[in-house]
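The structure appears below as structure tokens.
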Amino acid sequence: KRGRGLIKINGCPIELVEPEILRFKAVEPILLLGRQRFAGVDMRIRVKGGGHTSQIYAIRQSIAKALVAFYQKYVDEQSKKEIKDILVRYDRTLLVADPRRCEPKKFGGRGARARFQKSYR
1 KRGRGLIKIN
11 GCPIELVEPE
21 ILRFKAVEPI
31 LLLGRQRFAG
41 VDMRIRVKGG
51 GHTSQIYAIR
61 QSIAKALVAF
71 YQKYVDEQSK
81 KEIKDILVRY
91 DRTLLVADPR
101 RCEPKKFGGR
111 GARARFQKSY
121 R
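When the sequence shown is numbered by full-length UniProt numbering, its final residue is 121 and no position is left out of the sequence of numbers.
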């Protein structure tokens, strides 16, 4: 929503995201596009589930997608396209989710694809 450039994750500012090592990954879209593009936008992000790394990647994706959506709705189409091009050129996963999920286990084996050993005699 319109605001003064605040980005909060689960209620605390993005500058205090833990773990500290992954903080740079979370602020990547901001560093890429520059603070001035985020100046008029407030973001409140809630994240749960998964591990630290997957949460950070979800945060960075949501920041990038939210800014593109904001520019499409409230600003012009040209600047939205500019932002999208910058993000995709740097890292496509900032805008496109990874569809891979864990395949469920089936009967007759230890996992999704592995089968129990078969004996003929």
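Backbone N, C-alpha and C fix where the C-beta goes; we use that ideal spot for every residue, glycine too.
Cβ pair A58, V68 closer than 7 angstroms = Reading the sequence shown from its first residue, position 58 is the one you call residue 58. Reading the sequence shown from its first residue, position 68 is the one you call residue 68. The answer is no: Cβ separation not under 7 angstroms.
ask   = Going straight from the alpha carbon of I56 to that of G109, what length do you get?
value = For this step, residue 56 is matched to residue 56 along the sequence shown. For this step, residue 109 is matched to residue 109 along the sequence shown. Going from the Cα of I56 to the Cα of G109 covers about 34 angstroms.
key: CA-to-CA distance, Y74 to R92, given in whole angstroms   = Along the sequence shown, one-based indexing puts residue 92 at 92. Along the sequence shown, one-based indexing puts residue 74 at 74. Using only the alpha carbons, I get a separation of about 24 angstroms.
task = Name the one or two DSSP bridge partners that P29 has.
result = One-based indexing of the sequence shown puts residue 29 at position 29. Beta-bridge pairing links P29 to no other residue.
inquiry  = My parser needs the beta strand (DSSP E) runs of 3 or more residues fully inside the region 15-101; what are they?
reply    = 43-45
query = Excluding sequence positions up to five away, which residues of its chain have a Cβ less than 7 angstroms from the Cβ of V27?
reply = Along the sequence shown, read from residue 1 onward, the residue named residue 27 stands at position 27. Only I14 meet the Cβ criterion.
message = Just to confirm before moving on: does the CB-CB distance between P29 and A64 stay below 7 angstroms?
response = Stepping through the sequence shown from its first residue, residue 29 is reached at position 29. Stepping through the sequence shown from its first residue, residue 64 is reached at position 64. Yes. Within cutoff.
Cα-Cα separation, L87 to F38 = Within the sequence shown, residue 87 is the residue found at index 87, counting from 1. Within the sequence shown, residue 38 is the residue found at index 38, counting from 1. Approximately 14 angstroms between the Cα atoms of the pair.
message = Spatial neighbours of S119 within its chain, please: C-beta separation below 6 angstroms, excluding the five flanking residues on both sides.
response = On the sequence shown, residue 119 is found 119 positions in, with the first residue counted as 1. There are no such residues.
task = May I have the straight-line CA-CA distance separating Q36 from G5, to the nearest angstrom?
result = In the sequence shown, residue 36 corresponds to position 36, counting from 1. In the sequence shown, residue 5 corresponds to position 5, counting from 1. About 9 angstroms.
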